[in-house]
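Colleague: Numbered according to our numbering, the sequence shown spans residues 5 to 334.
My questions will all concern the structure given below.
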Amino acid sequence: MNTAATRERDLSGITPSGHLTLGNHLGALRRFVQRQGRREGFYFIADLHALTMPHDPVRHRLLTLSTGALFLAAGLGADRSVVFVQSHVPAHVEMAYLLECTAHVGELSRMIQFKEKGGRPGTRASLFTYPCLMAADILLYEARSVPVGGDQSQHVELTRDLAERFNVTYGETFVVPELVPAALAARVADLQHPARKMSKSAPDDAAGVLRMLDSPDVIASKIRRAVTDSDGEVRYDPETKPGVSNLLEIRAALVGSDPAGLAPRFRGYGPLKASVTDAVIAELGPIRRRHDELMADPAELVRLLDAGAERAHSAAATVLTRARKAMGVA
Ligand code: AMP
């Protein structure tokens with residue numbers, strides 16, 4: 005087996021289907037930044053995955069670049085990890101096709117997204133085949149373990165099945181990734197609907213979604229209007245006080261303490277909200293400024309993303325060539 009197969013790599017992509025949220029930052033970007041240096045990391049903007057549903061090309065291109073700028077502004081990239089745009093590394097699409105020639109129609113029809121959204125008129129064929137692209141994203145970088153939350157486990161199961169089938173049919177080619185339950189990450193809830201996760205796919209003007217690029221005024225206003233409850237006591241109790249507990253969790257995640265321990269410090273919801281506002285602005289402000297600098301200098305942004313794509317291409321080319329040879333496409 006190729007030496008890269010024994011390497012531990014971090015691999016993660018975010019689909020630019022909306023402006024990134026504080027949830028994306030705390031649950032993904034900030035964790036990736038903290039892991040840098042300990043493992044080799046490949047982080048990509050999954051622009052092709054956003055095309056399975058109707059989309060506006062102008063907004064899509066802007067969101068792709070802006071998400072790339074946010075990855076870099078949050079501290080990923082440079083010589084610490086590889087940041088790239090998925091479509092800039094054609095090996096992903098090429099490998100996806102080889103895997104479409106490995107997958108069976110039956111298993112793709114059982115994928116949850118397709119079952120839920122595939123029956124509508126005008127459904128794109130890519131909504132049926134995208135799990136092969138996702139498998140390609142993983143297999144190209146020979147990640148041995150793929151940490152996933154519950155909603156992604158079906159994709160990794162399929163990736164394992166495809167890799168095993170390919171290896172049996174055409175000879176040892178892929179590292180079969182292990183599915184490991186994701187370490188419990190902060191799950192940031194929507195400020196208006198605390199039972200739901202804060203989601204980038206919510207409408208742009210959703211009042212409960214803190215975007216990484218919101219101005220300090222917008223952040224303050226959204227947190228001021230966050231849903232709480234009527235008993236007035238700051239207490240950590242996610243079951244009966246989900247709104248207040250979410251605010252405590254955000255504050256705790258940002259300052260590195262535990263939400264229950266923080267609660268007694270606040271006499272009333274006003275001071276809690278003011279403190280959460282300060283912490284969010286302090287965290288996101290520098291990232292937003294760096295993002296804006298990068299967006300104002302598109303040549304530099306494109307240069308940085310191109311450099312990432314080149315490094316990703318070198319890593320991916322070895323596996324793609326092996327898979328092509330194994331299948332007789334030489
Ligand atoms: P998504 O925005 O659902 O495509 O998720 C992209 C990444 O951000 C994944 O690693 C998620 O776990 C993380 N993420 C998204 N939303 C949240 C949230 N509200 N709280 C914590 N992590 C999140």
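Even glycine gets a Cβ: it sits at the ideal position worked out from N, Cα and C.
All figures in this text were calculated on a predicted structure; none of them were measured in a lab.
1) By the DSSP assignment, the beta strand (DSSP E) with Asp14 in it spans what residues?
2) Per DSSP, Pro181 is paired with what?
3) Ordered along the chain, which non-local residues of its own chain (more than five positions away) have a Cβ less than 7 Å from that of Lys76?
4) Checking the sheet assignment: what are the DSSP bridge partners for Gln40?
5) Would you say the beta carbon of Ile18 is closer than 8 Å to some non-hydrogen atom of the ligand AMP?
6) Between which two residues does the alpha helix (DSSP H) holding Phe75 run?
7) Between which two residues does the beta strand (DSSP E) holding Ser157 run?
8) Just to check, is the beta-carbon of Gly247 closer than 8 Å to a non-hydrogen atom of the ligand AMP?
9) What does the shell around the ligand AMP hold, if a residue joins when its beta-carbon is under 5 Å from any heavy atom?
10) Hey, would you say Met202 sits closer than 9 Å to Asp194, going by beta carbons?
11) Any chance you could list the alpha helix (DSSP H) runs of at least 4 consecutive residues sitting entirely within the region 231-282, in chain order?
12) Who are the Cβ neighbours of Thr56 in its own chain at under 6 Å, not counting the five residues just before and after it?
13) Return the first residue and the last residue of the beta strand (DSSP E) that Pro220 is part of.
14) According to the neighbour-count rule (16 or more other Cβ atoms, all chains shown, within 10 Å of its Cβ), is Leu319 buried or exposed?
15) Taking DSSP as the reference, what is the three-state secondary structure of Lys121?
16) Between Ile18, Lys277, Phe36, Val238, which has its C-alpha nearest Ala204's C-alpha?
17) Does DSSP put Ala327 in a helix, in a strand, or in coil?
18) Check whether the region 47-61 and the region 272-281 touch, using three or more Cβ-Cβ pairs below 8 Å as the test.
19) How far does the beta strand (DSSP E) with Pro151 in it reach, from first residue to last?
20) Short of 7 Å in beta carbon distance, which residues of its chain neighbour Ala267, apart from the five on each side in sequence? Order them along the chain.
21) Please classify Thr173: is it buried, with 16 or more other beta-carbons within 10 angstroms of its beta-carbon, or exposed?
22) May I ask whether a heavy atom of the ligand ZN can be found less than 8 Å away from the beta carbon of Arg124?
23) Would Arg294 and Leu102 qualify as a contact pair, given that the criterion is a beta-carbon distance under 9 Å?
24) Mind the definition here: the region 64-71 touches the region 95-114 only if three or more C-beta pairs lie below 8 Å; say whether that holds.
25) Report all residues from its chain with a CB closer than 7 Å to the CB of Leu324; omit the five preceding and five following residues, and keep chain order.
26) Thinking just about the alpha-carbon of each residue, which of Gly247, Leu33, Gln90, His53 is nearest to the one in Asp310?
27) Considering only the beta carbon of each residue, do Arg84 and Phe46 sit closer than 9 Å?
28) Assuming Leu288 and Met216 make a contact with CB atoms under 8 Å, what is their CB distance in whole Å?
29) Quick check on DSSP: helix, strand or coil for Val306?
30) Give me the residue from Pro185, Gly72, Asp233 with the minimum Cα distance to His92.
31) Find out if the Cβ-Cβ distance for the pair Leu74, Ile291 is shorter than 9 Å.
32) Do Val192 and Ala257 have their C-beta atoms closer together than 9 Å?
33) At the level of alpha carbons, what is the spacing between Ala32 and Ala313?
Modeller: Walking through what the data contain:
1) Boundaries of the beta strand (DSSP E) around Asp14: 13-18.
2) None; Pro181 has no bridge partner.
3) As written in the sequence, residue 76 is Leu, which differs from the Lys given in the question. Excluding residues within five positions, the ones whose Cβ falls inside 7 Å are Val87, Leu298, Leu308.
4) As computed with DSSP, Gln40 is found in a beta bridge with Arg43.
5) yes
6) First-last of the alpha helix (DSSP H) with Phe75: 61-77.
7) Careful: Ser157 lies outside any beta strand (DSSP E), inside the alpha helix (DSSP H) at 157-174.
8) no
9) Taking each Cβ in turn, the ones that pass are Ile18, Gly27, Asn28, Gly31, Ala32, Arg191, Val192, Lys201, Met202, Lys204.
10) yes
11) Fully enclosed alpha helix (DSSP H) runs of 4 or longer: 246-259, 263-266.
12) Arg128, Ser130, Leu131, Tyr134
13) No beta strand (DSSP E) holds Pro220; the alpha helix (DSSP H) holding it covers 220-228.
14) The identity of residue 319 in the sequence shown is Ala, whereas the question assumes Leu. Buried, by the Cβ-count rule.
15) helix
16) First, the amino acid is wrong: residue 204 is Lys here, not Ala. Nearest C-alpha to Lys204: Ile18.
17) helix
18) No: fewer than three Cβ pairs fall under 8 Å.
19) 149-152
20) Val238, Arg239, Tyr240, Leu252
21) exposed
22) Ligands present in the displayed structure are limited to the ligand AMP, and the ligand ZN is not among them.
23) The answer is no: Cβ separation not under 9 Å.
24) no
25) Ala95, Glu98, Met99, Leu144
26) Gln90
27) no
28) With 8 Å as the limit, Leu288 and Met216 qualify as a contact, their Cβ atoms being about 6 Å apart.
29) helix
30) Gly72
31) yes
32) Yes, Cβ-Cβ distance for Val192 and Ala257 is below 9 Å.
33) In this structure, the alpha-carbon of Ala32 lies about 20 Å from that of Ala313.
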